[in-house]
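Here the first sequence stands for residues -3 to 283, where the numbers follow our numbering. Each residue gets a CB set at the ideal place from its N, CA and C atoms; glycine is no exception.
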Amino acid sequence: MPELPEVETVRAGLERWVVGRRIASVEVRGERTLRRHLLGPADFTARLTGRRIAAARRRGKYLWLPLDDDSQLLAHLGMSGQFLALEPEVPPGAHLRARLQFDDDGPELRFHDQRTFGGLALSDAGITDDGVPLVLSHVAPDPIEPAFDPERFVTAIRRRRTGVKRAILDQTLISGVGNIYADEALWRAKLHYARATDRLRRSDVERLLAGITAVLLEAIQAGGTSFDALYVSVNGESGWFDRSLEVYGQDGEPCSRCGALIVREHFTNRSSYRCPKCQPKPRNGRW
DNA sequence: ACATCCACCTGCTCGC
DNA sequence: TGCGAGCAGGTGGATG
């Protein structure tokens, strides 16, 4: 659910609500949220307390808040993570995992996560030339950041030997794309999800990249996709891009381009949606 | 180095 | 009504 556009919406909310503020206290609930912070909750809390939040940044689906001591508070929303800016007196919700209170006594930052695939961690391992925390250096640039090199992407994906949807879901090749926007981008590029990456023409990949970039930017513009209350942006507003989805979740509906009925299929243990006419199946397995 | 599979979670919906 | 199965799906470690 939270893919790049939703995470960007959350990043903008964090910028609005917490950048420039000093952390006065930290509370963590449960074990799983800090599982990536290997030094444990006591270390996390101690190192965060007293720090000022300097910025709110993102690569793909990862968020981080650079702090005034050159460490970074890393966050991943997983499937159901939310950041909420709430007044301290608001009673804690059922899925509250962590809360940061500030020395200005203003709204606190709460991290909620129903399914606990998300998490927080603190890193002081430094940053790369792109300004990305070293612990995230396995995450490829996303298509809307300056460090993204389209030529490099075209070359890299055509060297892979896999299906095109698998490739664009691989965060080490291109980051930010999840199951929803992958299907939307493939529809825009008129590509079947199982098309062999090493048989794609340059023009296919360029069309695909254009589709990915366009759908991500349009979704950001719209405030991110939301299906239900699981996804809420940092100030509590849900997105509405789901009204604009062309294929995802649209099985049985006519394709807006050709009128054929959208189908739902399973691919890599996930649902995939496509137009059977615009995105026809490879005939002999590979093509 | 690369590709694939599955565990990790909770809560909702569906069918019997 | 109860209950289990299926489903949602990002990440990363294990396995090939």
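Residue burial classification, residue i (beta-carbon count within 10 angstroms, cutoff 16)
| i | result |
| --- | --- |
| R159 | According to the sequence provided, residue 159 is Gly. The question's Arg does not apply to it. By the 10 Å Cβ count, G159 comes out buried. |
| C254 | exposed |
| F113 | exposed |
| R7 | buried |
| D224 | For D224, the pLDDT reaches just 43, beneath the cut-off of 50, and the residue's location in the model is therefore unreliable, leaving the point undetermined. |
| L35 | exposed |
| S268 | buried |
| Q217 | exposed |
| P87 | exposed |
| S252 | exposed |
| P139 | buried |
| T29 | buried |
| E4 | buried |
| H72 | buried |
| G115 | buried |
Distance between beta carbons of residue j and residue i, contact taken as under 8 Å
| i | j | result |
| --- | --- | --- |
| A256 | K273 | 4 Å |
| F107 | G77 | 7 Å |
| L118 | L44 | 6 Å |
| R55 | E2 | Not a contact, Cβ separation roughly 14 Å. |
| A94 | R25 | 7 Å |
| L196 | R154 | 6 Å |
| F149 | L205 | 6 Å |
Limits of the unbroken beta strand (DSSP E) element including residue i
| i | result |
| --- | --- |
| A121 | Taken as a continuous stretch (DSSP letters only), A121 belongs to no beta strand (DSSP E), as it is neither H nor E. |
| R270 | 266 to 270 |
| E261 | 259 to 263 |
| A71 | 68 to 72 |
Counterpart residues of residue i in DSSP-defined beta bridges
| i | result |
| --- | --- |
| F98 | I19 |
| Q78 | H108 |
| I49 | L63 |
| V24 | A94 |
| Y58 | R55, H72 |
| P129 | I123 |
| P250 | L257 |
| A287 | In the structure as shown, the chain starts at -3 and stops at 283, and residue 287 therefore has no counterpart that could be examined. |
| G115 | H72 |
| G159 | A192 |
Other residues of its chain near residue i: CB distance less than 7 Å, five sequence neighbours each side excluded
| i | result |
| --- | --- |
| H188 | R270, Q275, P276, K277, P278 |
| E(-1) | K57, G172, V173, G174, I176, Y177 |
| D145 | none |
| Y244 | I176, D179, E180, Y269 |
| E23 | A94, R95 |
| D65 | R47 |
Residues near residue i by beta carbon distance below 6 Å, same chain, minus five either side
| i | result |
| --- | --- |
| G281 | Unreliable positioning characterises G281 in this predicted model, as indicated by a pLDDT of 47, which lies under 50. The coordinate reading is nonetheless provided below. The answer is none, since no qualifying residue turns up. |
| G122 | L130 |
| R156 | A163, T193 |
| D120 | S67 |
| P37 | V24, L30 |
Sequence-distant residues of its chain with Cβ nearer than 8 Å to residue i (five each side left out)
| i | result |
| --- | --- |
| T168 | H134, V135, A136 |
| P84 | Q97, D101, P103, E104 |
| V14 | I49, A52, L61, A81, L96, F98, L105 |
| G248 | L257, I258 |
| R260 | D247, S267, S268, Y269 |
| D200 | A185, L187, R191 |
Residue i: first and last residue of the uninterrupted alpha helix (DSSP H) it sits in
| i | result |
| --- | --- |
| S171 | It is not in any alpha helix (DSSP H) - S171 carries neither H nor E in the DSSP assignment. |
| D200 | 198 to 218 |
| V6 | 0 to 13 |
| T151 | 146 to 155 |
| D39 | 36 to 44 |
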